[in-house]
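Note that this note's numbering has the sequence shown beginning at 1032, numbered continuously upward.
One structure is given below, encoded as structure tokens.
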Amino acid sequence: MRLLIVEDDRNLRGFLRKAFREEGYSVDEAASGDEGLEAAFATQYDCVVLDMMLPGRTGLDVLDELRGRGVETPILVLTARNEPPQRVHGLERGADDYLGKPFDLAELMARVQALVRRSRMRISTSFATARASASRSATLAMASPLNT
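Written out as structure tokens, the structure is:
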């Protein structure tokens, strides 16, 4: 699984990189909103862990840009801005989950795993639905009186 961590705190970013790699994730990092956007548009990730208070473009700017351009990758906001109105605002803007700092590493890992699992299930369901629809269309076309 491939993960993008967008976090300006170098120590936290390094801690998260190490923790997720130990769990078998491939991890890319970005220290600013601009770097995060560049990485997210260049690579297909299974999940993005996004800080809100970033140099340059804020996490909300990154979130708006990704969702505005149709990127459906699950995004977990990990931030010190953890009051209920801020959490609601982030979720309304397109975050899939929101976790405040300080955080429990096991909880963060579980939330990322859940987001990835749900995303993969949604993709699998969409693929199966599309395949079934195509099969029905082909069957109907073959049964059409125009084919006789």
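Yeah, the Cβ is synthetic: ideal placement off N, Cα and C, and Gly gets one too.
Just so you know, these numbers come straight off a predicted model, no measurement behind them.
Exercise for review: Give every residue of the same chain whose Cβ lies closer than 8 Å to the Cβ of Val1093, excluding the five residues on either side of it in the sequence, and list them in chain order.
Suggested key: Val1037, Gly1064, Gly1067, Leu1068, Ala1071, Leu1081 and Leu1085
Review point. On the premise that Thr1104 lies in contact with Arg1143, defined as a C-beta separation below 8 Å, what is that separation, rounded to the nearest angstrom?
Key: In the sequence as displayed, the identity of residue 1143 is Val instead of Arg. Actually they are not in contact, since the Cβ atoms of Val1143 and Thr1104 sit about 12 Å apart, beyond 8 Å.
Exercise for review: Report buried or exposed for Gly1101, applying the criterion of at least 16 other Cβ atoms within 10 angstroms of its Cβ.
Suggested key: exposed
Point to revise | Beta-carbon proximity check, Gly1035 vs Ala1073, cutoff 8 Å | key: Checking the displayed sequence, the identity of residue 1035 turns out to be Leu instead of Gly. Cβ atoms of Leu1035 and Ala1073: not closer than 8 Å.
Review point. Between the Cα of Lys1132 and the Cα atoms of Arg1098, Ala1141 and Leu1043, which residue gives the shortest distance?
Key: Leu1043
Practice item. Tell me whether Val1102 sits in a helix, a strand or coil according to DSSP, three-state version. Key: coil
Exercise for review: Name, in chain order, the residues that DSSP records as bridge partners for Glu1060.
Suggested key: Ile1036
Check your understanding: Where does Asp1077 sit, in a helix, a strand or coil, going by DSSP?
Key -> coil
Practice item. State yes or no: is the beta carbon of Leu1081 nearer than 8 Å to at least one beta carbon in chain B? Key: Of the protein chains in the structure, only one exists, and it is not chain B.
**Study point:** Sequence ranges, beta strand (DSSP E) only - wholly within the segment 1126 to 1150, length at least 3
**Key:** 1128 to 1131
Review point. Arg1112: buried (16+ other C-beta within 10 angstroms of its C-beta) or exposed?
Key: buried
**Study point:** Selection from Ala1145, Asp1135 and Glu1096 that minimises the alpha carbon distance to Arg1124
**Key:** Glu1096
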